[in-house]
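Per this note's numbering, residue 2 is the first one in the sequence shown, and the count goes up by one each step.
Think of the CB as a built atom: it goes at the ideal place given N, C-alpha and C, for glycine as much as any other residue.
A quick write-up on the structure given underneath.
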Amino acid sequence: MTIVLGIDGGGTGTQALVADETGHVYASATVGPTNPNAVSRSQLKETITTLMTELHYDDPTAFNKIARGFAGMSGSGDSEKSHLVETVLAEAAPDFPIRVDNDAINALYAETLGEPGIVQIAGTGSITFGLNETGETARIGGWGYLFGDEGSGYAIGQSALEAIFQAYDGKMEADVITRHILAYAQIQDVPDLIPYIYESPSPRESIAKLTRPVFQAYDEGDTLAIRLIQQSADDLTFSVQTMLNRHFKHNQEVVLAGGVFKRRDVLPTILNHQLSAPVKMLEREPVVGAVVAALQDAGVLVQSEFKSSVDKASNNKSAK
């Protein structure tokens, strides 16, 4: 068996699995954030060191047999940030190589097991990532909330706040969304939203979380909420269709991952009607895709039992 390490690193938490091509999981660990844009180098090093320590403790024999690693990390899209993460990982685990790349690979491979496909991630941010029939990868979006992240939770929350303040100024109506967002934030007056957002530990995350009250307004049939959700769907549809048209010869299954898709009866349903390609939800933890990528880097194909074995391991972990 070829034992590899898969890491799924994000801005709120990081998961890792030590596994082989049959899907047998030897060790697992979950630690804090490792997005290099959200943590300092010292914090990153401390968290990665803790991760490796926990994996080694879980199964020292398997850890010492790791052949390769793959780390799909949010915030590692540019070469400078990727190099920083690679350096820290090399310091924490010097005995085997670990490749760093975009965390969207994890989400895609968790479903396709390395085969061609498209993943649309829409959580706090958004990105469309694809692997086509010729083995070429491509991305659309994922440039951050200042430059895009269309269709994301942040985009929905930001548009909702903009409408609330315009309504407060008398420019439009936004009574239902205003009521739900004020209740969610547990504040009484619209101006109090300013300190609520700006004084939060992460204003971007706080804005993205406002999708919840927007969905509540949507459920009440609020016209504004319906318009905001439809705009999100249109933006995501445009990104996926652009990916299909530019990089694929044939339609590919589109995997949906991220917080805005948790309400399967809303955005996933709309996208299923608007897209020319079939849509399905990601049912597996993205870290599984990191294991698949590590196996690919080692030149090893996943075995037929990989999917059922790794799913069983995940279910056992959840039951504990």
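Between the alpha carbons of S29 and V256 lies a gap of roughly 25 Å.
Here P287 is near D104, since their CB atoms are less than 9 Å apart. Look at Y27 here: in three-state DSSP terms it is strand. Annotation for L283: no alpha helix (DSSP H) segment contains it, and DSSP assigns it neither H nor E.
Take the alpha-carbon of V40 and the one of P34: they are about 7 Å apart. The C-alpha of A108 lies about 43 Å from the C-alpha of G171. In this structure, the CA atom of P192 is about 12 Å from the CA atom of Y199. Under the three-pair Cβ rule at 8 Å, the segment 108 to 119 counts as touching the segment 284 to 301. DSSP, reduced to helix, strand and coil, places T129 within a strand of the structure shown. Taking 9 Å as the cut-off, the Cβ atoms of S127 and G143 count as close. Around the C-beta of R42, fewer than 16 other C-beta atoms lie within 10 Å, and the residue is accordingly described as exposed. Under the three-pair Cβ rule at 8 Å, the segment 214 to 228 does not count as touching the segment 132 to 149.
Going by DSSP, D9 is part of the beta strand (DSSP E) stretching over V5 to G10. Taking 4 residues as the shortest admissible run, the segment 40 to 94 contains the following complete alpha helix (DSSP H) segments, listed from N- to C-terminal end: 42 to 59, 61 to 64 and 80 to 93.
For Q242, the closest of L272, S153 and R228 by C-alpha to C-alpha distance is L272. Residue range G154 to Y169 is occupied by the alpha helix (DSSP H) that includes G154.
Taking each of G136, A94, A139 and A72 in turn and checking the Cα distance to R100, the smallest one comes out for A72.
By the Cβ criterion, the segment 294 to 304 is not in contact with the segment 158 to 176, since fewer than three pairs of Cβ atoms, one from each stretch, lie closer than 8 Å.
DSSP places D102 inside the beta strand (DSSP E), whose first and last residues are I99 to N103. Proximity to S305 across T23, E254, Q231 and V5 peaks at T23, based on C-alpha coordinates. Looking only at T179, P204, K250 and G158, the smallest Cα-Cα distance to G136 is reached by K250.
Straight-line spacing of the CA atoms in A258 and I157 works out to 16 Å.
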